[in-house]
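Some notes on the structure that comes next.
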Amino acid sequence: MDFKKINELMNAAKRGDYSKLEEVKDMVSEEDYQKAVNLFEEYGQKSEEEIMQELKMLRQFVSNEQEIIERIQPFLNEEQKIKLQKVLETLDNE
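Add 65 to a position in the sequence shown, counting from 1, and you land on the number used in our numbering.
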């Protein structure tokens, strides 16, 4: 797995750079690719506050949150880990 490439694609997604989505096509199934496109379209225009509200609602239905966090952390750089921790702290405090 090319972590440098994945990080580049994740950064492009954060910027809303849809052109990079084409590069993902070769890495995932068509179904997963469509899911990614749908997520970009759904969340790309939402504010941070709106996303936090949705995360709070979603958190009620996720029974294995800690397991998910542990699985994604190895893919995050230090800045992303700090942001994730801040999001989790915000969710815990509200």
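From the three backbone atoms N, C-alpha and C, an ideal C-beta is built for every residue, glycine too.
Candidates the options: closest to residue i by CA position
i: Asn158; options: Phe140, Ser112 and Gln118; result: Gln118
i: Val102; options: Lys151, Met75 and Ile137; result: Met75
i: Leu153; options: Arg136, Glu143, Glu130 and Pro139; result: Glu130
i: Gln110; options: Asp82, Glu73 and Tyr98; result: Asp82
i: Arg80; options: Glu115, Glu114, Leu123 and Glu106; result: Glu106
Proximity test, Cβ basis, 8 Å: residue i and chain B
i: Glu114; result: No chain B appears in this structure, which consists of one protein chain only.
Endpoints, the alpha helix (DSSP H) within which residue i is located
i: Gln150; result: Glu143 to Asn158
i: Lys121; result: Glu113 to Arg124
i: Gln131; result: Glu130 to Ile137
Sub-8 Å separation of residue i and residue j beta-carbons
i: Leu141; j: Leu149; result: yes
i: Ile133; j: Val127; result: yes
i: Gln138; j: Lys151; result: no
Reduced DSSP category for residue i - H, G, I as helix; E, B as strand; rest coil
i: Ser84; result: helix
i: Val102; result: helix
i: Met66; result: Any answer about Met66 is weak, because its pLDDT of 48 lies below 50 and its placement is not dependable; what the coordinates show is given next. Coil, per DSSP.
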